[in-house]
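Taking it in order: structure first as structure tokens, then the write-up.
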Amino acid sequence: MLLYLPIIFSFCCTFSASGQPVSFAVPVDLSAGTVAGISALDVADFNQDGLMDVAVLEGGAHAGGRVTLAWFEMTSEGTWLKHEFGAAEDLDDFIGSARCTDVDGDGDPDLVFTNDGHTSGPLHVFYLDNPGKEKCKETWPRYLIATIEGFHANDMRVADMDGDGKTDVVIRHKSPEACRILFQIDKTSWFDKLVYSGQAGEGLAVGDIDQDGLPDITMTGHWFKTPAEARLGQYRRYDIDAAYKTINKGTKEEIGDINGDGRPDVVISPAEAFPNYGGADHDLAWYECPIDPLNSDPWIKHIIKANYNNAHCVKLADFDGDGDPDILSAVAWEPRSIRIYFNDHGLFENSILLVSGNGIYSGAIADMDGDGDLDVVGEDQYAHSARPWYYECLLK
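In my numbering, the protein residues as written are 1 to 396.
Next up, the structure:
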């Protein structure tokens, strides 16, 4: 028996720096019911028309066998057109993460995604090469970045980790529990660097914690310093909140300057209640970066919401336009919801419930329609019947 829960849209609002209320339009299933079971999603302007498009993926593991490898084009009329990236029948049945980025440096956004058997390996990392704005509605060539021992790669970031001007891929996976960087030599050749192994759990983020010009990695209460020789050196581990993983080892994380002191702070969200992946209820919190994160000075913890769980999506974005990052937090399992906490010099006392009944499993924040404010896109749950929802901000 299927249980359908109503989607309740909230018109509660806070006010922007200009005094305008922050509110959102009624949520729209941008697929109009044509896809269901999404496990990974991201956004980019694939056809370079000034409007953001949405990539949706699912290997079928928990989606009744439905396989999705497609993108939706946002039109100037506000409608959405579906395009297939290409054949997906040869893929394994779990697509755990996807990121849009210009892999080959040709100026258009490509798509990187992970694929494995969810509870079995091996793990494959692919990238789909955007053929350009004139041909982007045709099949995208697929390249294999790496085949790795392991499975359940649910966390991935893309960044230039060694400062050579090329996009690299940071992933975390299970069996073995590991975080690794795939350094790009060229689009068909990559160098696999193991950063750390043996720490169970999920979650990572990438940002320059020590402000030395190279991105570092955060992972479940720790951060890993990228060495000057990023491909060959050792990634030393430092503590942010070493005890976090003893309560819940499944996290989602973001890095940004929360309190305006010029230093990169870290947001950690308890992402899953399932014992194999996460743990008990814990804190949605931000951690204030010390003056010198390389010494033993502690990170100061600021709790945003205590006794919380299943918040599988956390994003930093300036929704109210006042110059500091706010926090979007979304619960991906019932009772699902999306809430935005507004930043007031590091305090998060004001928030709005964007929607109840829908959550977000991965999701993305971007100015989708080019009107100057930040919109939200996300699949409302993990796989199963998940659909891609568009939440248009009405600030501008």
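The beta carbon of each residue, even a glycine, is placed where N, CA and C say it ideally should be.
According to DSSP, which residues form a beta bridge with residue i?
| i | result |
| --- | --- |
| K315 | L328 |
| P270 | T251 |
| R180 | I171, L194 |
| E73 | L81 |
| D29 | W389 |
| A44 | D53 |
| Y238 | W223 |
Thinking just about the alpha-carbon of each residue, which of the options is nearest to the one in residue i?
| i | options | result |
| --- | --- | --- |
| D283 | I268, D297, A273 | I268 |
| S97 | L316, D90, H124 | H124 |
| G260 | H345, A205, G250, F224 | H345 |
| D369 | L294, T218, I38, L394 | L394 |
| Y238 | E253, I209, R263, L232 | I209 |
| Y341 | Y127, L328, Y308, W333 | L328 |
| T147 | G262, G278, K315, R180 | R180 |
| V28 | T79, F46, A40 | T79 |
| T139 | K82, W190, I171 | K82 |
Alpha carbon to alpha carbon, how far is residue i from residue j?
| i | j | result |
| --- | --- | --- |
| L353 | Q234 | 43 Å |
| I185 | K166 | 8 Å |
| R66 | P122 | 21 Å |
| I105 | N130 | The amino acid occupying residue 105 in the given sequence is Gly; Ile does not appear at that position. Approximately 11 Å between the Cα atoms of the pair. |
| M161 | S120 | 28 Å |
| R231 | F126 | 20 Å |
| K225 | T34 | 44 Å |
| T114 | L182 | 12 Å |
| E229 | D216 | 13 Å |
| K193 | P21 | 47 Å |
| F24 | G359 | 15 Å |
Which residues in the same chain as residue i place their Cβ atom closer than 8 Å to its Cβ, once the five residues preceding and following it in sequence are excluded?
| i | result |
| --- | --- |
| A366 | V43, M52, L374, D375, V377 |
| G37 | E58, G60, H62, A63, G64, R66, T68, A383, H384, S385, A386 |
Among the residues of its own chain, which have a CB less than 7 Å from the CB of residue i, if the five just before and after it don't count?
| i | result |
| --- | --- |
| K396 | D371, G372, D373 |
| D326 | A317, D318, F319, D320, I340, Y341, F342, N343 |
| D257 | R263, P264, D265 |
Hey, quick one: how far does the beta strand (DSSP E) through residue i stretch, first residue to last?
| i | result |
| --- | --- |
| Y382 | Careful: Y382 lies outside any beta strand (DSSP E) and carries neither H nor E. |
| H83 | 80–84 |
| C100 | 98–101 |
| I300 | 300–308 |
| D283 | 282–288 |
| D116 | Careful: D116 lies outside any beta strand (DSSP E) and carries neither H nor E. |
| F24 | Run containing F24: none; DSSP gives neither H nor E here. |
Enumerate in chain order the residues of its own chain whose CB-to-CB distance from residue i is below 6 Å, with the five nearest sequence positions on each side excluded.
| i | result |
| --- | --- |
| I300 | E288 |
| D241 | G221 |
| K305 | L284 |
| I303 | D283, A285 |
| Y390 | V28, L30, V377 |
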